[in-house]
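Numbering (my numbering), first residue to last: 14 to 154.
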C-alpha cells in the first residue's frame, strides 16, 4: 500500500490573494492626483481679498473657502523647502507678517484685525458713550 502525500497549495493561494488585493489597491488609487500645493493659509472671513506676499513677492489673494471643511478664507501655494516670510495685507487692516519653516507641508492661520484710527476711536466713543448704562431703562414707574 502506497500513500500519496498531497502538497499544500496554501502558498499559492496566499500569493493569489495578495496579488488580487494589490491590483484592487492600484485600481482605487491610480486616478487620484496629489494636491498641487504644500502650503495652506487660512484666515477669518473679513480677510477676503487680502494680498498674500511670500518672500516679498505677491503670490495671490485670500478667497472665500470653497470646501465644506474650511471656514473663512484661504490661500494655497506650492513652496520650496526652506524658510519663507509670509505677509498678508489688506487696506484698513493691520498687516500680518510671519516666518514659516517649510519642510514637506506647512499651515498658517491668520486673524486680520481692523486698524484703529482716530476716526474709528471717535466713532466708537460717539456710539458707546463712556457713561452709558449697562442696564436697560427703568420700567418700574
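We put the CB at the ideal spot given by N, CA and C, even for glycine.
Quick caveat: nothing in here was measured; it's all calculated off a predicted structure.
Beta carbon of residue i, beta carbon of residue j: below 8 Å?
| i | j | result |
| --- | --- | --- |
| residue 58 | residue 74 | no |
| residue 54 | residue 97 | no |
| residue 101 | residue 71 | no |
| residue 85 | residue 56 | yes |
| residue 93 | residue 115 | yes |
Per DSSP, what kind of secondary structure is residue i in: helix, strand or coil?
| i | result |
| --- | --- |
| residue 66 | strand |
| residue 112 | strand |
| residue 84 | coil |
| residue 92 | coil |
| residue 100 | strand |
| residue 42 | helix |
| residue 33 | helix |
Can you tell me whether residue i is buried or exposed, with buried defined as 16 or more other CB within 10 angstroms of its CB?
| i | result |
| --- | --- |
| residue 147 | Because the pLDDT of residue 147 is 49, which lies under 50, any placement of that residue in the model is unreliable, and the question is left without a value. |
| residue 103 | buried |
| residue 34 | exposed |
| residue 99 | buried |
| residue 65 | buried |
| residue 52 | buried |
| residue 32 | exposed |
| residue 77 | exposed |
| residue 37 | exposed |
| residue 28 | exposed |
Among residues of its own chain, excluding the 5 on either side of residue i, which ones have a beta-carbon nearer than 7 Å to its beta-carbon?
| i | result |
| --- | --- |
| residue 105 | 127, 128 |
When every heavy atom of the ligand SAH is checked, does at least one fall within less than 7 Å of the C-beta of residue i?
| i | result |
| --- | --- |
| residue 23 | Absence of the ligand SAH from the depicted structure is noted, as is the absence of any ligand whatsoever, leaving it without description. |
### Task
Evaluate the contact criterion for the stretch 28-44 versus the stretch 106-118: three or more CB pairs, one atom per stretch, below 8 Å.
no
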